[in-house]
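For the protein sequence lines, the chains are A and B, in the order given. The opening position of the first sequence corresponds to residue 1 in the UniProt record's numbering, with each subsequent residue numbered one higher. The opening position of the second sequence corresponds to residue 1 in the UniProt record's numbering, with each subsequent residue numbered one higher. Heads up, the beta-carbon is just placed ideally off N, CA and C, and yes, glycines get one too. Quick caveat, the model's predicted, so the values are computed rather than measured.
Number of protein chains: 2
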Amino acid sequence: MGEPLATKHDVFQAIADPTRRKLLKLLAEEEMPVTVISGHFPMSRTAVSKHLRILSEAGLVRERRVGRENRFRLDPQPLQEIKQWYAYFERFWENKMAALQYLVESDEPVKPEQ
Amino acid sequence: MGEPLATKHDVFQAIADPTRRKLLKLLAEEEMPVTVISGHFPMSRTAVSKHLRILSEAGLVRERRVGRENRFRLDPQPLQEIKQWYAYFERFWENKMAALQYLVESDEPVKPEQ
DNA sequence: TATTTAAGAAACCATTTGGTTTCATATCTA
DNA sequence: TAGATATGAAACCAAATGGTTTCTTAAATA
Numbered sequence: 001m002g003e004p005l006a007t008k009h010d011v012f013q014a015i016a017d018p019t020r021r022k023l024l025k026l027l028a029e030e031e032m033p034v035t036v037i038s039g040h041f042p043m044s045r046t047a048v049s050k051h052l053r054i055l056s057e058a059g060l061v062r063e064r065r066v067g068r069e070n071r072f073r074l075d076p077q078p079l080q081e082i083k084q085w086y087a088y089f090e091r092f093w094e095n096k097m098a099a100l101q102y103l104v105e106s107d108e109p110v111k112p113e114q
Numbered sequence: 001m002g003e004p005l006a007t008k009h010d011v012f013q014a015i016a017d018p019t020r021r022k023l024l025k026l027l028a029e030e031e032m033p034v035t036v037i038s039g040h041f042p043m044s045r046t047a048v049s050k051h052l053r054i055l056s057e058a059g060l061v062r063e064r065r066v067g068r069e070n071r072f073r074l075d076p077q078p079l080q081e082i083k084q085w086y087a088y089f090e091r092f093w094e095n096k097m098a099a100l101q102y103l104v105e106s107d108e109p110v111k112p113e114q
């Protein structure tokens with residue numbers, strides 16, 4: 001049923017690395033083979049390949065063999081978990097604003113509570 | 001101006017650890033001193049304290065000395081960055097839905113694309 | 001067919017991470 | 001004041017992380 005396709009790696013941990021976040025943005029636009037992808041990063045192809053493996057195990061990218069190429073593309077579905085997690089805190093965000101009159105998006109110091 | 005208050009630690013990296021995510025949920029409810037907080041976790045107080053330090057450096061918690069206690073509470077503000085990051089991909093998610101007829105927010109199995 | 005190209009596997013390495021225990025210090029309280 | 005309590009700092013450690021280089025294999029091509 002609606003269970004994740006491949007989640008050997010945690011989504012939160014997968015997106016923790018800035019290189020992997022950049023990979024996701026890159027692969028959101030279009031499908032690409034590993035060599036082309038690695039051309040966008042200042043590290044070895046092997047290193048990029050490892051990051052892709054982690055993203056793949058978190059279900060965030062899909063891979064497809066085409067000849068000798070391995071083409072990757074984004075699968076945003078597991079990011080729903082991030083959204084749901086965030087949504088929980090959004091509640092407190094609202095509460096805080098209302099109840100404690102936090103000065104949101106300002107440089108005013110937060111007023112001590114007592 | 002509206003810049004983050006303390007971001008020696010990356011927010012994405014801060015929420016990558018499950019213990020720290022649990023800490024955020026715990027501290028969302030109420031302010032607590034370190035000893036009380038650490039009672040909720042199967043590890044040493046010092047370990048919890050280190051996690052709190054990381055959350056603090058990411059701006060996700062505020063600390064306040066009260067006598068000999070150090071009380072922590074959630075500050076959800078930096079989570080906005082997560083939301084913004086996520087929002088970018090939500091766009092692709094929508095696209096996929098439209099183009100590939102994904103079944104969103106249901107328990108139906110995702111239809112294979114080919 | 002011989003050669004080039006694409007990619008992963010393996011071995012390795014330095015640094016970071018997440019934990020520990022011990023110790024020092026500041027603040028309560030009997 | 002003496003002792004108990006709350007906490008962080010320091011030193012330490014094993015495992016995970018993010019990178020490297022080398023080697024092998026499969027597919028495309030001259």
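Mind listing the chain A neighbours of I82 of chain B? Cutoff is C-beta to C-beta under 8 Å, in chain order.
-> Locating residue 82 of chain B in the second sequence gives position 82, counting from the first residue. The contacting residues are I82 and Y86.
At least one CB of chain A closer than 8 Å to the CB of P76 of chain B: is that the case?
-> Here residue 76 of chain B refers to the residue found at position 76 when the second sequence is read from its first residue. Yes - at least one Cβ of chain A is within 8 Å of the one on P76 of chain B.
Hey, Y86 of chain A and K25 of chain B: beta-carbon distance below 8 Å or not?
-> Taking the first sequence and counting its residues from 1, the one referred to as residue 86 of chain A is at position 86. Taking the second sequence and counting its residues from 1, the one referred to as residue 25 of chain B is at position 25. Not a contact, by the Cβ cut-off of 8 Å.
Please work out which residues of its chain come closer than 8 Å, Cβ to Cβ, to N70 of chain B, disregarding the five sequence neighbours upstream and downstream, and give them in chain order.
-> Within the second sequence, residue 70 of chain B is the residue found at index 70, counting from 1. Here the set comprises P33, V34, E63 and R64.
Check L60 of chain B in the structure and name its three-state DSSP category.
-> Here residue 60 of chain B refers to the residue found at position 60 of the second sequence. Coil at L60 of chain B, not helix or strand.
Establish whether the CB of A16 of chain B and some CB of chain A are separated by less than 8 Å.
-> Position 16 of the second sequence, counting from 1, holds the residue named residue 16 of chain B. By this cut-off, A16 of chain B is an interface position.
Enumerate, from N- to C-terminal direction, the unbroken beta strand (DSSP E) stretches of 3 or more residues contained entirely within the region 26-98 of chain B.
-> 61-66 and 69-74
Thinking C-beta only, is A28 of chain A closer than 8 Å to L74 of chain A?
-> Within the first sequence, the letter at position 74 stands for residue 74 of chain A. Within the first sequence, the letter at position 28 stands for residue 28 of chain A. Contact flag set, yes.
List the endpoints of the continuous alpha helix (DSSP H) containing A14 of chain B.
-> Taking the second sequence and counting its residues from 1, the one referred to as residue 14 of chain B is at position 14. Note, A14 of chain B: alpha helix (DSSP H), V11 to A14.
Using Cβ-Cβ distances below 7 Å, what residues of the region 27-46 of chain A are close to chain B?
-> Answer set for the region 27-46 of chain A: A28.
If you count every other CB in all the chains shown that lies within 10 Å of the CB of R45 of chain A, and 16 or more means buried, which is it?
-> By 1-based counting over the first sequence, the position of residue 45 of chain A is 45. When all chains shown are included, R45 of chain A counts as exposed.
Confirm, please, whether the CB-CB distance from H51 of chain A to L23 of chain A is below 8 Å.
-> As a position in the first sequence, residue 23 of chain A is number 23, starting the count at 1. As a position in the first sequence, residue 51 of chain A is number 51, starting the count at 1. Going by C-beta atoms, L23 of chain A is nearer than 8 Å to H51 of chain A.
Contacts around E31 of chain A, its chain only, beta-carbon distance under 8 Å, and the 5 residues preceding and following it disregarded = Translated into positions along the first sequence, residue 31 of chain A becomes position 31. Answer for E31 of chain A: R64, R71, F72 and R73, listed in chain order.
Taking the alpha-carbon positions, what's the P42 of chain B to I54 of chain B distance?
-> Numbered from its first residue, the second sequence carries residue 42 of chain B at position 42. Numbered from its first residue, the second sequence carries residue 54 of chain B at position 54. Computed Cα separation, rounded: 18 Å.
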